[in-house]
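Trainee:
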Amino acid sequence: MLTAFAIFMDGLVYAAWVFVVALGLTLIFGVMKILNVTHGAFFAFGAYGTATMIGVAFAGEGNLAWAFILMLVMPVVIGCLLGLLLERGLLRFAYGRDEVVMVLITYASFLIFEDALLLIWGTDVYPAYQPMVALGNVSVGRLFISNYDLALVAVAGLAGLATWWGLNRTRWGHIVTAVIHDREMATALGVNVARVFTVTFVIGAILGALGGAITAPKISVTPGIGIEVIVVSFAVVAIGGMGAIGGALLGALLVGFARAAAVHLLPEVELFVIYAVMALVLAIRPEGLFTRIAARRI
Amino acid sequence: MMIGKGALGLILGSAALAAAGLAGPAQAQDSIKVGVVSFLTGAAAGPFGIPGKNAAELVIDAINEGSLPAPYNTPGLGGLQIEPVYVDEAGGTATQVTELRNMVQRQDVEAVVGYISSGSCLAVAPVAEELQVLTVFWVCGTPRIFEENKYKYVFRTAPHATMDNVAAARYVLHKMNDLESYAGINQNYAWGQDSWRDFVLALKTLAPNAEITGDYFPKLFAGEYGSEISALLVSGAQALHSSLWGGDLESFLFQSIARGLPQRMPLVLTSGEPLVGRVGDKIPEGTIIGARGSHADLAPDNALNDWLKTNYEARFGEAISYPAYHMTMAFLGLKAAYDKAAAAAGGTPSKDQVIAAFEHLEFDTPSGAVEMALGNGHQAIAGTAYATFTNENGKPELVDVVRYPASCVQPPDDMTSIEWLEQGMPGAAC
Amino acid sequence: MQQAVLTRLGPITAILLAAGFVLPEWLASLATVAFAKGLVVLGLMVLWRAGLVSFGQALYFAGGAYAAGLLARDGGVQEAVILALVGTAAGAALAFIVGFLLARYREIFFAMLSLAFSMILYGILVKNASLGSTDGIGLPAVSFLGMDPGSEGRSLANYLLVVVACFLAAVGVEAYLRSIPGSLAEPIRDNEVRVEYLGLSVKNLIHAKLVLAGALAGLGGAITAFSIGHIDPDATAFWTVSGGFVFITILAGTGSVLAPFVGALLFELVRSYAAQYAPELWQMILGGALLAVIMFLPGGLWSLFTRRAQEG
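Chains as they are written, first to last, in our numbering: chain A, 1 to 298; chain B, 1001 to 1430; chain C, 2001 to 2312.
#1: Which one or two residues does DSSP pair with B/Y1182 in a beta bridge?
#2: In chain B, which residues lie with their C-beta within 7 Å of the C-beta of A/A260?
#3: Please report whether the beta-carbon of C/P2024 lies at a distance below 8 Å from any beta-carbon of chain B.
#4: Exposed or buried, what is C/I2180 when buried is set at 16 or more other beta-carbons lying within 10 Å of its beta-carbon?
#5: So the candidates are A/E99, A/A4, A/T106, A/Y14; which of them puts its Cα closest to the Cα of A/F42?
#6: Does any CB atom of chain A fall closer than 8 Å to the CB of C/I2250?
#7: Got a sec? Which residues, its chain only, sit under 6 Å from A/I180 by beta carbon, not counting five neighbours each side?
#8: Any beta-carbon of chain B closer than 8 Å to the one on A/G226?
#9: So, does the region 1037–1051 of chain B touch the region 1235–1246 of chain B, judging by three or more C-beta pairs under 8 Å?
#10: For A/A276 and A/V232, what's the separation of their Cα atoms in angstroms?
#11: Taking Cβ-Cβ distances shorter than 7 Å, what residues in chain C pair up with A/V101?
#12: Give, in chain order, every unbroken run of the beta strand (DSSP E) that is at least 3 residues long and sits entirely within the region 1257–1292 of chain B.
#13: Using CA coordinates, which residue listed in C/F2238, C/L2198, C/V2077, C/L2219 is at the minimum distance from C/S2143?
#14: Please confirm if C/T2134 has its CB atom under 8 Å from at least one CB of chain B.
#15: Give every residue of the same chain whose Cβ lies closer than 6 Å to the Cβ of A/A295, excluding the five residues on either side of it in the sequence, and list them in chain order.
#16: Roughly how many whole angstroms lie between the Cα atoms of B/A1183 and B/L1240?
#17: In whole angstroms, what separates the C-alpha of B/G1024 from that of B/Q1107?
#18: Less than 8 Å between CB atoms is the rule here; does B/G1024 satisfy it with respect to chain C?
#19: Going along chain C, which residues have a C-beta under 9 Å from A/F93?
#20: Taking buried to mean at least 16 other C-beta atoms within 10 Å of its own C-beta, is A/W165 buried or exposed?
#21: Could you tell me whether the Cβ of A/D149 comes closer than 8 Å to any Cβ of chain C?
#22: Can you name the residues of chain A whose CB is closer than 7 Å to the CB of B/G1260?
#23: Any contact of the region 1033–1046 of chain B with the region 1291–1299 of chain B, i.e. 3+ C-beta pairs under 8 Å?
#24: Would you kindly work out how many angstroms separate the C-alpha atoms of A/V73 and A/A59, rounded to a whole number?
#25: Would you please state the rounded distance, in angstroms, between the beta carbons of A/V191 and A/I175? I believe it to be under 8 Å.
#26: Would you say A/A283 faces chain B, with C-beta separation under 8 Å as the test?
#27: Which residue marks the beginning of the alpha helix (DSSP H) containing C/S2151, and which one marks its end?
#28: How far does the beta strand (DSSP E) with B/T1135 in it extend, from its first residue to its last?
#29: For C/C2166, count the other beta carbons within 10 Å of its own beta carbon; 16 or more makes it buried, fewer makes it exposed. Which is it?
#30: Excluding the five sequence neighbours on either side, which residues of its own chain have a C-beta within less than 7 Å of the C-beta of A/T38, listed in chain order?
#31: So, is C/L2269 buried or exposed, given that buried needs 16 or more other C-beta atoms within 10 angstroms?
#32: If we count Cβ pairs, one from each stretch, closer than 8 Å, do we get three or more for the region 2094–2103 of chain C versus the region 2146–2161 of chain C?
#33: As an exercise, report each continuous alpha helix (DSSP H) stretch of at least 4 residues that is fully enclosed by the region 107–176 of chain A, in chain order.
#34: Apply the 10 Å Cβ neighbour rule to B/D1339 and answer buried if 16 or more other Cβ atoms are within range, or exposed otherwise.
#35: Checking contacts by CB at 8 Å: is A/D115 closer than that to chain C?
Next comes the structure, spelled out in structure tokens:
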């Protein structure tokens, strides 16, 4: 019973952070049809930036409130900077090219950002544990649950709700939805698609950096964290259906629970359980769990 | 399309020309080019690669000046000044094999001190043998290198990882001689899997009734250990073995502190020593700390150790950690062999003379005496130590240090590590 | 038609074979590794022409490498030619099996699903202690057509073998590209439904391309295995290995069967000098080059040669 509860909680926490990252990825794909490999770099910059600032905030006596404010501000700053740089500086010149070519362009940008990280922050490990340790834990039976993890679930929920609300309840959201469904028609009706693209990309980048920021206190930030994230969040997005918000949620939960169950019950398969779930889902529903099948060109 | 015909030849030819230009004129032998291979990029660079490279710079400068403490207070390797060539170990084994050839044949490197990853060492050893280049491995945990093969040109100046885990098992029983249950969390790659296997085999002999209540193998660089910590919390183990290192170790440490795991069971960290310098008083009370040998805070008192610690911390402005000791051991071994061969030859020694001097060599290091005892005199053995972390006296320190002589924690020359462990560690003298 | 291919590739191969005897040894072994990669890229080129990009070619590369490695280590087979053939067969067999599923997918989904399969193999290899986990396994020295080249001649023998293998592969692929199933690549990319109206099964055509690419990747893997003498999951099966292959494909361009080999050689040379002089800038150089090629040279570096040839 306790194990079942542990699997539920661990799965939920894992799903929470992966959802925040995948949300940005799926939003960008849904609107712009770009599978953005650079998302891993947004994540890494978010993590490094936040870890550095938390280090500054705790340099003296330590100020928890500042740390939490920084964790929300840093992703916005980083997301805006990097998102604008990439979208305005590079991607807009390549719109209209093959989806696969766009993947390669963002892959190349990712490689460049990876070395930029190395030049800025070096190879050192950046710890930023203070906010997590300071929040303490609650006990459930023999289990201790970190309050920081519970906060993560809340933040992920809020991010998901905010995105849903923005897309479904605001004028801006209706415009974006129009672009998702029929780009040409939206343009014909006077929608400034270029601006929709820029804003969407920046919001996606902020979500990627936010994923890194809220993860930074849990992990010591090291070179290469971006690579891991890309593949896992791709799997989540592919499982849920590319471009579907609900799909990202479902994919994240599926991946989170599968991984937690593997660790507790069948540790041998932990290393590839995410890919196995992905292959299985795609084998049964090639377009993912949440997407409509597109019509074939003739 | 006709132009395309020459493209391949053109590239090959110009590369050969460029290389010829770079090689430069041959010099009279008063210096020796030494390749130094270490992780300069990637996740292993911060914890291992850079401290190792720093130590190499420090020790090479001191060797060239002759400013090391005795018995190393003569300049050069048997009089030859060291010209280092630093190479990044990132990129995988195939890359390392190619780079070794490049170092030897393109840049005239005559000796190589290098390799952290066991995979690199296993891949590089046969090629070093083929190229007949004197190669000293400075880390590489796996015992497989000299147990699966015999080499002439390849040496390893650090003991293999079996020692770390046998000593860890002995130390755990020193702290709790009624150990009933234990668990492990190790990274899911060869070194993590081997570490856990050796620890379990040693405890099967030393505490046959102790039970394993869980063994977890998170992915390398996973960073997230929530599920593993939950499973450990409900496991009821009395001690937790872990060979995690670098960012993974710190991530796991703080996540487990946040969830109260160290109050349930002491952590036994075979590679935990760098934490003392990095996070100090955050380490949970009673954590058992190893340094993969008697290095850094576990090093004995001697003039070499004082020299290394003082100069390293002065030059690089950060606490010294065990990889710097591993690198120092490698260069001191190389210097001891060259000096011995030079003295016997009465001048610059030949490669074969250096190798003959290196085999079965005994030399002093900041970490104590090292003996090239295994693998026909090519694999080092040395003593090791474990200690317990405490903050009770108001400052982070390691107490209850127990030192284990080499013969207590390492197999004899005629047995592989696994055979020795499976037969109950015959002949172990503690 | 075959004649034309031979007159074009024959002299190049002869020059490369002769070059082996004068090249410095390090360059010959670097070229060996590069050309083995070129074989994998040749397969990717076949897929690319049909609009398919595989981010999981490491699956067949690792399959070929491990098939050859295990046969050499445990099966006692030490003949390079046999090992190369076995690797080819292993790559083809793997591609044949997963092809039943993969051939149904296009674009991003194809890329992601191939990635997932290669990562499953990676997970299995890492978890397998008898295969040395991430430390991998070493291969015994191999013989070439029954002859043992000794340690001095080994690099040369590996080089000659890879050049011959590349020649045969290039001739084979050129012939395939000129055959009817091969020449339908662009039509498949542009409009599958029209190809189906011709009465052909696009799924089967793509399945065949997958098997061909898999065989080439397996061959490349096997040659890499015995020329390096060591194999491990990170160097053969991890997804970044696949990423490297795709990178060379784009860099080189897909205009000719020679392009993959030129691209791979250039890639290895730049990597080698970057590792020596600027390891912390290596990925930046890669990324910059890739961007420059995609934005300004959509046909890859190869288009530089053809463009000049047309002008001249």
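Heads up, the beta-carbon is just placed ideally off N, CA and C, and yes, glycines get one too.
Mentor: For this structure:
#1: B/I1212
#2: Below the 7 Å Cβ cutoff, chain B contributes S1227 as neighbours of A/A260, in chain order.
#3: yes
#4: It is exposed - the Cβ of C/I2180 has fewer than 16 other Cβ atoms within 10 Å.
#5: Closest option to A/F42, Cα to Cα, is A/T106.
#6: yes
#7: G30, V31
#8: no
#9: yes
#10: 12 Å
#11: I2294
#12: 1267–1269, 1288–1290
#13: Out of C/F2238, C/L2198, C/V2077, C/L2219, C/V2077 has the C-alpha closest to the C-alpha of C/S2143.
#14: Chain B, which has a Cβ nearer than 8 Å to the Cβ of C/T2134, makes this yes.
#15: Confidence in A/A295 is poor, its pLDDT being 43 and thus under 50, which makes the residue's placement unreliable; the coordinate value appears in the next sentence. The answer is none, since no qualifying residue turns up.
#16: 5 Å
#17: Because the pLDDT at B/G1024 is just 46, under 50, the model does not fix this residue reliably, and the value given afterwards should be weighed accordingly. Spanning the two alpha carbons is a distance of roughly 9 Å.
#18: Caution is warranted here: a pLDDT of 46 is assigned to B/G1024, below 50, making its placement in the model unreliable, and the coordinate value is therefore given only provisionally. Not closer than 8 Å to any Cβ of chain C, the Cβ of B/G1024 fails to qualify, so no.
#19: M2295
#20: exposed
#21: no
#22: Against chain A, the beta carbon of B/G1260 has neighbours under 7 Å at N137, F144, listed in chain order.
#23: no
#24: 19 Å
#25: About 6 Å separates the two Cβ atoms, so the contact holds.
#26: no
#27: 2150–2178
#28: 1134–1137
#29: buried
#30: Hits under 7 Å: L86, T106, S109, F110, F113.
#31: buried
#32: no
#33: 130–135, 147–169
#34: A buried status is given to B/D1339, since no fewer than 16 other beta-carbon atoms sit within 10 Å of its beta-carbon.
#35: So yes, A/D115 belongs to the interface.
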